[in-house]
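What follows is a single structure, written as structure tokens, with notes after it.
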Amino acid sequence: MPPAFFPQDIIIKKRDGGALTKDEIEFFARGVTDGKFADYQATALLMAIFWRGMTPQETAWLTDAMMRSGDVIDLHDIPGAKVDKHSTGGVGDKVSLILAPLAAACGLKVPMMSGRGLGHTGGTLDKLEAIPGFKVMLSIPEFRAILQKVGFAMIGQTPQVVPADRKLYSLRDVTGTVECIPLICASIMSKKLAEGIDSLVLDVKFGKGAFMKRKEDALILARAMVAVGKAGGKPVWAQLTAMNQPLGRTAGHTTEVIESIECLKGRGPADLMEVTYVLTGHMLVLGGAARDMVDARRKMAAAIADGSALEKFRQMCVAQGGDPRVVDDYTILPTAKQLLEVKASADARGFVSEVDALKCGHAIMALGGGRAAVTDKVDHAVGIADLIKIGEPVSPGTRLCTLHINDDAKGARAEALIRDAIKFTPTAPVPEPLIQDLIQ
Ligand code: URA
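Here the sequence shown is numbered in the working numbering, starting from 2 and rising by one per residue.
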């Protein structure tokens, strides 16, 4: 039987600025998955979409078609509201490791499928793999069983979920078509909607260390994702968060796992706790586990104070094969050979005005803790800790951070990047609001 469409006709239509129909978009998503749309045709269409854009309706159809290119997980038989969070990524963003057990301790089910770090941004799966024995690649039945028993599970995307995105993302990555709002929106939302969630909270980052540098672009992406959620019948709230300096005082893997556990013990840094509380609070309200944000704050504070959120983290480690002793003994995590304190130079005076998140991310990569290509291995032991924050006072010899290093030459490169990342001013800078908007 001849195909319903010819790929070249769809490419030409989009190239000339036309809006694609639902059937054409479904043919494309099916075609990239089963190979009927050749790679060179798919990349030509991606480039046409990059230049011509997509209407909100086309974006919603593309999301739906991509979601249905593989398995859509059905969680309706698991009691409780299934709510997830997705962040567009940044440096030091370990919120998922704190938020998921906290939300579960407050009564939600959190079916979280996460990704790996790429470039200067970290990935939740890599951080979890710093815990000895921790398994992130589980089957869907295992995922469901852990979700039901513990209240949350944190795994990698299985090959059966949204295969169209796997293909399209790998093509976009090498053809200059990543930075395209309808394609980013469909890529993220198809994967989240395939998880079987009832509702979703998005943390759309903008700034130096984020994928979107400009707030205006982050806002457009946030609005597009909220609209796609609505079109799919799922409430989605999107928060806009500044990512000019790293979140918290650590970046890396072991260092971020330790900071996350410290947060669950009630000893987290203010900025990281604020982002975590607001995102988790939105989840609790969306999922009906809290009346409003005031009620949510009270429940979250109680779950940290009585240790129930920490206990959820321990249970998840046991369920996913990780060593639960990590909660009490950080020495079982991969440990770097050497600690290198970076101190302010003799002429440093005043206050920190900038801690460039992108440069800090590059410092992690220089240490061997990042990934330039998807196949690279990361060194879990290396990283940044004790990082100074914008607004803090400095004088000669003030510690700017502690680098966890495994190699002197790499350590020296990372130190140079950190020194370049941190700037001082004579007077205290006006703090930039961290959380800037909520799109509902
Ligand atoms: N993250 C995704 O999953 N997809 C994109 O296109 C960009 C970021």
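Glycine is no exception: its CB is placed at the ideal position from the N, C-alpha and C atoms.
State the CB to CB distance for the pair residue i and residue j, rounded to an integer number of angstroms; the pair is presumed to be in contact (CB under 8 Å).
i: Leu169; j: Ile50; result: The pair is not a contact, with the Cβ atoms about 10 Å apart (cut-off 8 Å).
i: Ser97; j: Ser115; result: 6 Å
i: Leu194; j: Lys150; result: So it is not a contact: roughly 24 Å between Cβ atoms.
i: Gly118; j: Arg372; result: 6 Å
i: Ala252; j: Ile365; result: 5 Å
i: Gly233; j: Asp65; result: 7 Å
Could you give the DSSP three-state label for residue i: helix, strand or coil?
i: Ile221; result: helix
i: Cys107; result: coil
i: Val33; result: helix
i: Met213; result: strand
i: Ser200; result: strand
i: Met48; result: helix
i: Glu437; result: Note on identity: in this sequence residue 437 is Gln, with Glu being the wrong assignment. Of the three classes helix, strand and coil, the one that applies to Gln437 here is strand, per DSSP.
i: Arg173; result: helix
i: Gln9; result: helix
i: Ala386; result: strand
i: Gly118; result: coil
i: Pro160; result: coil
i: Thr64; result: helix
i: Lys23; result: helix
Which residue marks the beginning of the beta strand (DSSP E) containing residue i, and which one marks its end?
i: Lys411; result: From DSSP, Lys411 is part of no beta strand (DSSP E) but of the alpha helix (DSSP H) over Asp409 to Ala422.
i: Val84; result: Val84 to Ser88
i: Cys402; result: Arg400 to Ile406
i: Ser354; result: Gly351 to Val356
i: Gly282; result: Gly282 -> not in any beta strand (DSSP E); alpha helix (DSSP H) instead, spanning Ala271 to Leu287.
i: Ala239; result: Val237 to Ala243
i: Glu143; result: Segment Ile141 to Val151 is the alpha helix (DSSP H) holding Glu143; no beta strand (DSSP E) there.
i: Gln246; result: It is not in any beta strand (DSSP E) - Gln246 carries neither H nor E in the DSSP assignment.
i: Lys344; result: Gln339 to Lys344
Out of the options, state which residue places its alpha-carbon closest to the alpha-carbon of residue i.
i: Val92; options: Asp421, Gln441 and Cys361; result: Cys361
i: Ala1; options: Arg400, Val276 and Pro394; result: Examination of residue 1 is not possible in this model, given that the chain is present from 2 through 441 alone.
i: Val258; options: Ile11, Lys231 and Pro325; result: Pro325
i: Ile262; options: Met244, Ala297, Ala252 and Arg315; result: Arg315
i: Ala101; options: Ser140, Thr255, Met155 and Asp127; result: Met155
i: Ser346; options: Gly19, Pro397 and Asp377; result: Pro397
i: Val279; options: Ile419, Leu241 and Ala310; result: Leu241
i: Val328; options: Lys209, Leu109, Gly233 and Leu265; result: Leu265
i: Gly369; options: Cys402, Ala415 and Ile389; result: Ala415
i: Ser200; options: Leu340, Met226, Leu418 and Ala165; result: Met226
i: Cys181; options: Ala306, Asp218, Gly108 and Ser191; result: Asp218
Buried or exposed, going by whether 16 or more other CB atoms sit within 10 Å of the CB of residue i?
i: Met113; result: buried
i: Val319; result: exposed
i: Val375; result: exposed
i: Asp330; result: exposed
i: His87; result: buried
i: Ile333; result: exposed
i: Leu140; result: For the sequence presented, residue 140 should be read as Ser rather than Leu. Ser140 comes out exposed.
i: Pro432; result: exposed
i: Glu393; result: exposed
Residue i lies in the alpha helix (DSSP H); which residues open and close that run?
i: Ala306; result: Met294 to Ala306
i: Ile185; result: Ile182 to Leu194
i: Val258; result: Thr255 to Leu265
i: Leu126; result: Thr125 to Leu129
i: Gln316; result: Ser309 to Ala320
query: If you measure from each residue's Cβ to the nearest non-hydrogen atom of the ligand FAD, which ones come out under 5 Å, in chain order?
result: The model depicted lacks the ligand FAD and carries the ligand URA instead.
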